[in-house]
Structures are given as C-alpha cells and as structure tokens.
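Heads up: the structure comes next, in structure tokens.
There are 2 protein chains.
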Amino acid sequence: MLDKLKAPTPMRIEFSTDEFKVALATSVVVFGFDGENLKILVANKIGQPFEGDSIIPSSIVRIEEDPAYVAKELLTRITGRNDGMLEKLNGFAEPFRNPVGRVVNIAYYCTIRLDETSENNLRKEGYLWVNAHEVPRLAYDHNKILEYAKERLKRRVKGRPIGFNLLPAEFTLNNIQKLYECALGKEFDKRNFRRKLLKSQLLIETERFVRSSERAKRPSRLYMFNEKEYRTLSLKGYDFIYQ
Amino acid sequence: MLDKLKAPTPMRIEFSTDEFKVALATSVVVFGFDGENLKILVANKIGQPFEGDSIIPSSIVRIEEDPAYVAKELLTRITGRNDGMLEKLNGFAEPFRNPVGRVVNIAYYCTIRLDETSENNLRKEGYLWVNAHEVPRLAYDHNKILEYAKERLKRRVKGRPIGFNLLPAEFTLNNIQKLYECALGKEFDKRNFRRKLLKSQLLIETERFVRSSERAKRPSRLYMFNEKEYRTLSLKGYDFIYQ
DNA sequence: ACAAAAGTGTTACACTTACACCCATGT
DNA sequence: ACATGGGTGTAAGTGTAACACTTTTGT
C-alpha cells in the first residue's frame with residue numbers, strides 16, 4: 589500500500605508466458621548495379637500467402653538465433669560469398685504485416701558486386717535482379733521495406749562513399765557518376781562531379797582504358813578505389829550533398 | 589522433384605507454431621531541454637532483473653497491439669499530454685538482451701517541453717530527468733538504445749529544425765543556440781549561428797525581452813517559431829551542417 | 001562607473017554552379 | 001573525314017569561418 593503511493597502506475601514490463609507468441613524473421617534488401625541501373629534481388633514467392641508476388645530474400649529467425657547472423661548466412665547462401673557489408677535497416681512490427689501470425693521482421697540491406705560467380709549462384713538459388721525503381725508487387729510489406737532501404741541508400745550516398753561493393757574493381761568516371769545518379773535519382777554535371785570526386789582522394793587513376801561500348805570510339809580511363817581513404821571516409825563521413 | 593530443380597534451396601519463411609515464442613516490448617527515449625542541458629527521462633527499475641538500475645519508459649506490447657500505438661499511449665500517460673512527435677528509432681532484437689526470455693524491443697524517441705503540468709505528472713509517475721550525457725547504468729540494453737537515440741537526434745538537428753517541442757513558446761537566441769550545442773556536442777560562433785538561423789525564416793522576432801539571469805543586466809530579445817516555416821522545413825529538410 | 005551579458009559587421013576563402021568546346025579513337 | 005563519347009577550364013556567385021568591439025541595462 590505504502591509502496592503504491594511511492595511507486596505509482598507501474599511500467600508494463602513484466603512478461604507473462606502468453607506474451608511470448610511472436611515470431612521473428614529477417615529480410616535483406618540486396619542492391620546491385622549493372623552499369624545502367626540500380627538493381628535489387630527478388631525471388632518468386634512460392635505458395636500462400638502472396639503466391640505469385642515477388643519477395644526479397646528472407647528467412648525465419650529461430651528463437652535462439654541472432655537476426656544479424658541469420659541475415660549474414662542468408663546473404664552468403666544467396667551470393668556464394670561472405671564479404672561485403674550488411675547494415676541494419678529497422679524492425680518492422682505492425683500487427684498485420686503477415687497474415688499467418690504476428691511476425692516481426694528485422695530488415696537489413698547490403699550492396700554487392702555483379703559478377704559471374706555470384707550470378708551463377710543467384711540463378712541456382714532462384715533469384716533475379718530487377719530495377720530498384722521498377723519493382724513489381726512484393727509479398728508482405730516488402731515494398732515498404734524496399735522504400736525504406738532506398739531512402740537509406742540515398743542518405744548513405746550523401747554522407748559516405750559508396751561503390752566499393754557495387755562497381756567492378758576498375759571502373760570509369762562515367763560508371764561511378766551513373767551509379768550516384770541512379771542512387772540519388774538526379775543527374776550531375778560531368779565536370780563538377782569529377783572535380784568533386786577527384787578532390788576527395790577516393791580514386792586512384794590507373795593507366796588502363798576501356799571502350800564503354802561498340803559505338804564509343806575513344807576509350808575511357810579506368811579508376812580504382814583508394815581503399816584506405818575509402819575506409820576512412822566511410823567511418824568519418826564526407827559531404828556529397830550536392831545540387 | 590522437378591520443382592526442386594527449378595526452385596532450389598527454399599527460403600526459410602514457413603513458420604511452424606513453435607517459432608511464435610518471442611515477446612514484444614517498446615521503449616521511448618524522451619528528450620527534454622532545461623535551458624542548460626539536454627535531458628532524458630528515466631525511472632528506477634523495480635524488481636529483478638536489473639533491480640536498482642534506471643530504465644527508460646517502456647511497456648510490453650501485447651500480441652494484438654501496434655508498438656507505435658503502445659508507445660504513444662505510454663508517452664501520454666507519462667507526460668499527461670498527447671501532442672508531440674514520436675519517431676521510430678529501430679528494432680532491437682539481439683537474443684540475450686532480456687534475461688527473462690526472447691524479447692524484441694521496438695524503440696522510439698520524442699522531444700517534449702519541460703513545463704509545470706508535465707513536471708507534476710512525471711513526478712506522480714515516478715520519472716525524473718537526467719542529463720542525456722551523464723546517464724547512469726540502465727537496465728537491459730537501454731544504454732545502447734539511448735546512444736542510438738542521441739545519434740538520431742544529432743542527425744535530425746543537422747537536417748531539420750528542432751526545438752519546437754523542446755523550447756518554451758518564446759525563447760532567446762542564446763537559448764536555441766545552447767540547445768543546438770547540447771544536441772550536437774559542439775560550440776558555435778554566436779554571430780554565424782544567428783545569421784544562419786535568421787536567414788532561414790524559422791524565427792519570428794517578438795517585442796518582448798527577458799533577463800537571462802540575475803547577473804545579466806541587459807535583457808535579451810525573445811523569439812518564437814514561425815510554425816508554418818518550421819513545418820515546411822521539417823518535411824523538406826534544410827542544412828544545418830556546420831563547423 | 002562598473003559589471004555583465006546582449007548584440008552586431010566585415011573580410012578572406014572555399015565551394016558550388018553554370019556553361020561549351022576540343023580530343024582521341026574506330027570505322 | 002566523320003561520328004562518337006571522353007575529357008577538360010573558367011568565372012560569378014554564394015556560403016562558411018574567423019574574428020573583437022559597442023550597446024544596453026541593473027546595481
């Protein structure tokens with residue numbers, strides 16, 4: 589009685605057994621870049637619910653598992669590689685996001701490089717790339733998760749370098765500009781973009797050149813990332829807030 | 589069999605009943621500002637586990653409830669008001685964050701104004717304000733959630749206006765500068781700060797003045813927010829990236 | 001008159017933006 | 001020689017940063 593006067597409305601934080609009735613899942617928005625468009629990985633949803641829709645890579649998280657670990661495993665299985673960043677997006681916990689029952693989804697995103705090895709693995713696992721800005725209807729609230737991921741990628745591009753896991757080891761300035769334009773959804777002036785990027789010390793000029801297409805006559809110079817600087821700027825951030 | 593060749597390793601997304609064994613909670617990091625320091629609300633944790641530690645406002649989320657709604661209710665009960673923003677931070681889902689069982693926490697943050705009404709209510713509910721940068725040991729992973737919230741607040745301050753729910757209706761330029769300095773953890777040049785802020789059209793100059801302390805002789809001018817502009821800039825963002 | 005905090009302007013520099021032509025190469 | 005995309009420089013304007021003194025008021 590006296591206690592009640594002192595410690596008023598108690599916080600509702602004492603769990604009873606019938607509150608442990610939620611399930612956990614994780615989904616990963618996997619971004620790629622094919623030189624022209626930003627892509628994400630989807631598979632076809634098999635069986636109900638949402639049969640026929642697409643779905644982003646997802647997995648149950650069992651009662652004893654860490655969602656970050658499960659997401660990492662999922663990603664490794666899909667791409668056949670276990671490098672690359674994996675960043676937490678958010679938890680999605682609306683009551684009816686899954687018609688099967690109450691499921692909370694801890695969502696992640698990552699960027700991976702499109703190459704032969706992972707392409708083969710992806711096909712084997714039943715995934716395919718679709719343009720990140722022309723995505724079909726997705727199962728559950730995955731469209732919402734995707735929108736969230738795209739916003740996060742935008743913010744990321746503005747504040748830290750990007751591309752290390754999206755571009756090939758060597759790439760042209762036009763390649764990386766196109767990547768930035770896709771991610772941010774706007775176009776940049778070639779000269780200004782280059783000046784800004786080169787000033788950042790993020791790129792190393794190579795002595796190699798490629799032709800960007802059959803029609804292009806003059807080859808363009810290849811650059812690679814200055815990995816040390818890339819890492820530094822990834823940590824401390826830099827401004828690409830621009831136009 | 590044929591299907592297996594076509595649709596390879598299936599995604600683990602078929603839930604069985606024994607996967608619905610997780611509980612849901614929500615916590616809210618409540619920021620306030622007393623003119624000198626950024627504050628957060630804590631209460632004393634009653635009973636095991638973490639007896640004696642502090643705790644940020646938290647609640648169970650029952651199986652049918654929406655965490656956003658529960659958080660809003662919690663906040664209303666604590667502060668006695670139901671205005672003010674409430675923004676989702678993230679889901680915290682590490683396996684052992686709660687020793688009682690697997691609990692996923694959907695965390696939010698908000699900013700509220702320190703005034704008489706809410707002060708009385710807070711005392712009644714057993715909460716108190718502590719400096720956001722001198723917080724004692726908190727129960728569960730609440731210190732981690734708090735750090736996350738402080739980072740988010742920083743980002744928020746840099747990209748959108750802040751203060752509408754933290755400062756009194758009328759305040760001095762020194763007040764708002766101090767708030768920004770607390771939130772961002774750095775000091776600004778008075779002249780540059782004022783120029784920048786006044787240019788943004790965010791403030792309206794009043795004809796009223798206050799003395800900031802007994803020792804201060806000259807009174808300083810009071811300003812109020814231009815609510816329309818504040819809302820506009822809250823939506824579209826503006827740059828306060830600075831020094 | 002003095003003490004205390006409020007308030008105010010200028011300058012140098014760096015960055016952003018806008019803009020159009022020549023270059024290197026393959027066909 | 002021509003067609004194609006690659007590559008380059010400059011000038012005007014805007015924003016940032018650093019800096020110190022005058023003003024107003026209460027005691």
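As they're listed, the protein sequences go chains D and R.
No gaps in the numbering here: position 41 of the first sequence is 629 in our numbering, and each next residue is one more.
No gaps in the numbering here: position 45 of the second sequence is 633 in our numbering, and each next residue is one more.
Even glycine gets a Cβ: it sits at the ideal position worked out from N, Cα and C.
Quick caveat, the model's predicted, so the values are computed rather than measured.
| Item | Value |
| --- | --- |
| Any non-hydrogen atom of the ligand COA within 7 Å of Lys627/R CB | Because no ligand of any kind appears in the structure shown, any question about the ligand COA cannot be addressed here. |
| is_contact[Ile634/D, chain R] using C-beta, thresh 8 Å | yes |
| Arg711/D, DSSP secondary structure in three states | helix |
| One or two residues paired with Gly620/R in a DSSP bridge | Lys627/R |
| Between the CA atoms of Gly635/R and Lys592/D - distance to the nearest angstrom | Confidence is the limiting factor: at Lys592/D the pLDDT is only 41, short of 50, which leaves the residue's position unreliable and the question unanswerable from this model. |
| Residue span of the alpha helix (DSSP H) that contains Asn780/D, given as start and end | Lys778 to Lys787 |
| Host beta strand (DSSP E) of Gly679/R (start-end) | Glu675 to Phe680 |
| Spatially closest choice to Tyr818/D from Arg796/D, Arg806/D, Ser788/D and Glu802/D, by CA coordinates | Ser788/D |
| Cβ-based burial, Ser706/D [other Cβ within 10 Å; buried from 16] | buried |
| Alpha helix (DSSP H) segment containing Asn753/R, residue limits | Per DSSP, Asn753/R belongs to no alpha helix (DSSP H) and is neither H nor E. |
| Opposing strand residues paired with Tyr811/R [DSSP bridges] | Phe759/R and Glu793/R |
| Residue span of the beta strand (DSSP E) that contains Thr699/D, given as start and end | Val691 to Thr699 |
| Residues bridged to Leu772/R (per DSSP) | Beta-bridge pairing links Leu772/R to no other residue. |
| Rounded Cβ spacing between Leu612/D and Ala681/R (contact assumed at less than 8 Å) | 7 Å |
| Ser647/R beta carbon less than 8 Å from that of Thr614/R | yes |
| Within chain R, the residues that Asn678/D reaches when beta carbons sit closer than 8 Å | Lys676, Asn678 and Gly679 |
| Straight-line Cα distance separating Glu769/R from Arg799/R | 21 Å |
| Length of the line joining the Cα atoms of Tyr826/D and Arg748/D | 5 Å |
| Contacting residues, own chain, Cβ-Cβ under 6 Å from Arg701/D (five flanking each side not counted) | Asn753 |
| Beta-carbon separation (whole angstroms), Leu755/D vs Leu741/D, contact threshold 8 Å | Contact flag wrong, Cβ pair sits at about 15 Å. |
| Rounded straight-line distance, which links the Cα of Pro807/R to that of Arg783/R | 20 Å |
| Extent of the continuous beta strand (DSSP E) to which Ile648/R belongs | Ser646 to Val649 |
| Three-way DSSP call (helix, strand, coil) for Ser706/D in this model | helix |
| Listed by chain order, chain R residues near Ser646/D by CB distance under 9 Å | Met599, Arg600 and Ile601 |
| Within chain D, partners of Val618/R - CB distance below 8 Å | The premise fails here: Val618/R is roughly 13 Å from chain D at the closest Cβ pair, so nothing lies under 8 Å. |
| is_contact[Val688/R, chain D] using C-beta, thresh 8 Å | yes |
| Cβ neighbours of Asp703/D in the same chain (closer than 8 Å, five flanking residues each side left out) | Pro756 |
| Given Val554/R as reference, the closest of Leu772/R, Tyr697/R and Val616/R once Cα atoms are compared | Chain R is shown from 589 up to 831; residue 554/R falls before or after that span and cannot be answered. |
| Distance between beta carbons of Pro683/D and Glu653/R, contact taken as under 8 Å | 7 Å |
| Same chain only: Cβ atoms within 6 Å of Phe797/R, ignoring 5 sequence neighbours per side | Pro807 and Arg809 |
| DSSP-derived helix/strand/coil call for Ser642/R | strand |
| Top-ranked residue by Cα proximity to Leu761/D, from Thr820/D, Val617/D, Phe619/D and Gly623/D | Gly623/D |
| Selected residue, minimal CA-CA separation from Lys712/D, among Arg803/D, Gly668/D, Asp777/D and Gly640/D | Gly668/D |
| Chain D within 8 Å of Ala659/R, Cβ atoms only | no |
| Listed by chain order, chain D residues near Arg779/R by CB distance under 8 Å | What Arg779/R touches in chain D: nothing, since even the nearest Cβ is about 23 Å away. |
| Proximal residues to Tyr657/D (C-beta, below 6 Å), its chain only, five neighbours per side dropped | none |
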